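Numbering (the numbering used here), first residue to last: 12 to 293.
First comes the structure, then the notes that go with it.
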Amino acid sequence: MTTKDLRGQETAKAMGAALAPRINALKSRRIIPTLAIVRVGEKPDDVYYQRSATRRCEALGISVEVYAFSEGIAEEQLVNEIMNLNMDEHIHGILILRPLPGHIDDAVVCKALNPGKDVDGVTDRSLAGVMKNERRGFSPCTARACIEILDYFGIEIAGRHTVVIGRSLVVGKPLSLMLTARDATVTVCHTKTRDLTAIAKQADILVAAAGRSRMINREYVKEDAVVIDVGINADENGNLTGDVDYEDVRGIASAITPVPGGVGIVTTAVLASQVVEAAEQS
Numbered sequence: 012m013t014t015k016d017l018r019g020q021e022t023a024k025a026m027g028a029a030l031a032p033r034i035n036a037l038k039s040r041r042i043i044p045t046l047a048i049v050r051v052g053e054k055p056d057d058v059y060y061q062r063s064a065t066r067r068c069e070a071l072g073i074s075v076e077v078y079a080f081s082e083g084i085a086e087e088q089l090v091n092e093i094m095n096l097n098m099d100e101h102i103h104g105i106l107i108l109r110p111l112p113g114h115i116d117d118a119v120v121c122k123a124l125n126p127g128k129d130v131d132g133v134t135d136r137s138l139a140g141v142m143k144n145e146r147r148g149f150s151p152c153t154a155r156a157c158i159e160i161l162d163y164f165g166i167e168i169a170g171r172h173t174v175v176i177g178r179s180l181v182v183g184k185p186l187s188l189m190l191t192a193r194d195a196t197v198t199v200c201h202t203k204t205r206d207l208t209a210i211a212k213q214a215d216i217l218v219a220a221a222g223r224s225r226m227i228n229r230e231y232v233k234e235d236a237v238v239i240d241v242g243i244n245a246d247e248n249g250n251l252t253g254d255v256d257y258e259d260v261r262g263i264a265s266a267i268t269p270v271p272g273g274v275g276i277v278t279t280a281v282l283a284s285q286v287v288e289a290a291e292q293s
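Shown next as structure tokens:
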């Protein structure tokens, strides 16, 4: 079987083309959509995502301002910085790179964020919107990126059995709700699920978001299934790998997102889209 690569660049390019007239309309009103990226410390994955998001946004004409703080910043000070960004009228979206250092409570910082500027879907208002399938706040970017890829490549969601491996608030839980809203039959699994291999092999669409490098091999994949690999991991040589053993699954799956070059690219395109929407609503 020939396995099709679901390359994120194709989806991101189409999303960018759709955004261009909206960005131009904002600029005609002297509004420059602007994203603030808040980074604490120098974690390589945070720096990588910051650079990727900045390149994507600036290529589209979206301004990016980076607020980088030392790893030792106090929780109260970080909350105050977020509050200042909330009140800054020229900032339309705020992205907080997480997880934060252990001495800072992620939940406290997320609660301080203005939901209208929460372009990564981390506030209670945004998550409630996902749960109720309502236009309230913004969807978590990576979860929405998975849907965008399926839609762009014309992969039917309604009626398909979808297995999501992962239960985080960043991907697994919101994505399972978004797929359910699109009439998929969804099974949510995780690394402690019994008979995970057998359950995964029932999936028409298999989403791997467990955070374990090359965990998913051909034993997990039904012939002709679509595989969405959300994982971003580093192997022993420092190379980026997904949660799926890409080479092992090729020839079994009908389609798969590569890593790198798949979901991550579309995630930054979704982020840009949500910054533009926030600017339109401001």
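C-beta: ideal position from N, C-alpha, C; glycine also.
The model shown is predicted, which means the values in this text are computed figures rather than measured ones.
Problem - 4 or more residues per run - each alpha helix (DSSP H) lying fully within the stretch 94–172 - result: Correct list: 117–123, 135–143 and 152–163.
Exercise for the section: Check each candidate in V197, Q285 and I166 and name the one with the smallest Cα separation from C152. Expected result: One-based indexing of the sequence shown puts residue 152 at position 141. The shortest Cα separation from C152 among V197, Q285 and I166 belongs to Q285.
Handout entry: Residue from A23, S81 and L108 with nearest C-alpha to R62
Key = Locating residue 62 in the sequence shown gives position 51, counting from the first residue. With distances taken between Cα atoms, R62 lies closest to L108.
Exercise for the section: Going by CA-CA distance only, name the one from L106, G83 and V133 that's closest to H114. Expected result: Here residue 114 refers to the residue found at position 103 when the sequence shown is read from its first residue. For the residues L106, G83 and V133, the minimum Cα distance to H114 belongs to G83.
Problem - Burial state of E159, where buried means 16 or more other Cβ atoms lie within 10 Å - result: Here residue 159 is taken as the residue at index 148 of the sequence shown, counted from 1. Buried.
Problem - Status (buried if at least 16 other CB within 10 Å, exposed otherwise) for G19 - result: As a position in the sequence shown, residue 19 is number 8, starting the count at 1. Flag for G19 reads buried.
Exercise for the section: Grab the span of the alpha helix (DSSP H) containing I210 for me, first residue to last. Expected result: Sequence index remark: in the sequence shown, residue 210 carries index 199 (1-based). Element bounds for I210: L207 to A211.
Practice task
Taking all protein chains shown into account, decide if D240 is buried (16 or more other Cβ within 10 angstroms of its Cβ) or exposed.
Solution key: Stepping through the sequence shown from its first residue, residue 240 is reached at position 229. Around the C-beta of D240, 16 or more other C-beta atoms lie within 10 Å, and the residue is accordingly described as buried.
Problem - Per-residue DSSP class, three states only, for E69 - result: Looking up residue 69 in the sequence shown gives position 58. In the structure shown, E69 adopts helical secondary structure according to DSSP, grouped into three states.
Exercise for the section: Mark R225 as exposed unless 16 or more other C-beta atoms lie within 10 angstroms of its C-beta, in which case mark it buried. Expected result: By 1-based counting over the sequence shown, the position of residue 225 is 214. With 16 or more other Cβ atoms within 10 Å, it is buried.
Practice task
Determine the closest residue to L17 out of G183, E87, D162 and L188, with distance taken between C-alpha atoms.
Solution key: Counting from one through the sequence shown, the residue named residue 17 turns up at place 6. Among G183, E87, D162 and L188, the Cα nearest to that of L17 is on D162.
Practice task
Rounded to whole angstroms, what's the CA-CA distance from G72 to P44? Just pull it up for me.
Solution key: What you label residue 72 is simply residue 61 of the sequence shown in a count that begins at 1. What you label residue 44 is simply residue 33 of the sequence shown in a count that begins at 1. If I take the Cα positions, the gap works out to 8 angstroms.
Handout entry: Own chain partners of K15 with C-beta closer than 7 angstroms, once the 5 adjacent residues on each side are dropped
Key = For the purposes of this step, residue 15 is taken as residue 4 along the sequence shown, with counting starting at 1. Closer than 7 angstroms at the Cβ level, and outside the excluded window around K15, lie S265 and A266.
Handout entry: the stretch 41–55 contacting the stretch 73–82, beta-carbon criterion three pairs below 8 angstroms
Key = Segments in contact, yes.
Exercise for the section: Would you mind stating whether L46 and A221 have Cβ atoms separated by less than 9 angstroms? Expected result: Here the question's residue 46 lines up with position 35 in the sequence shown. Here the question's residue 221 lines up with position 210 in the sequence shown. Inclusion of L46 and A221 in the CB contact set at 9 angstroms is not warranted, their separation being larger than that value.
Practice task
For N97, collect the residues of the same chain with a Cβ closer than 6 angstroms to its Cβ; drop the 5 residues on either side in sequence, then sort them by chain order.
Solution key: Along the sequence shown, read from residue 1 onward, the residue named residue 97 stands at position 86. Excluding positions up to five away in sequence, the list reads N125.
Exercise for the section: Return the residue from the list E247, I243, A209 and A245 that minimises the CA-CA distance to R229. Expected result: Within the sequence shown, the letter at position 218 stands for residue 229. The option with the nearest alpha carbon to R229 is A209.
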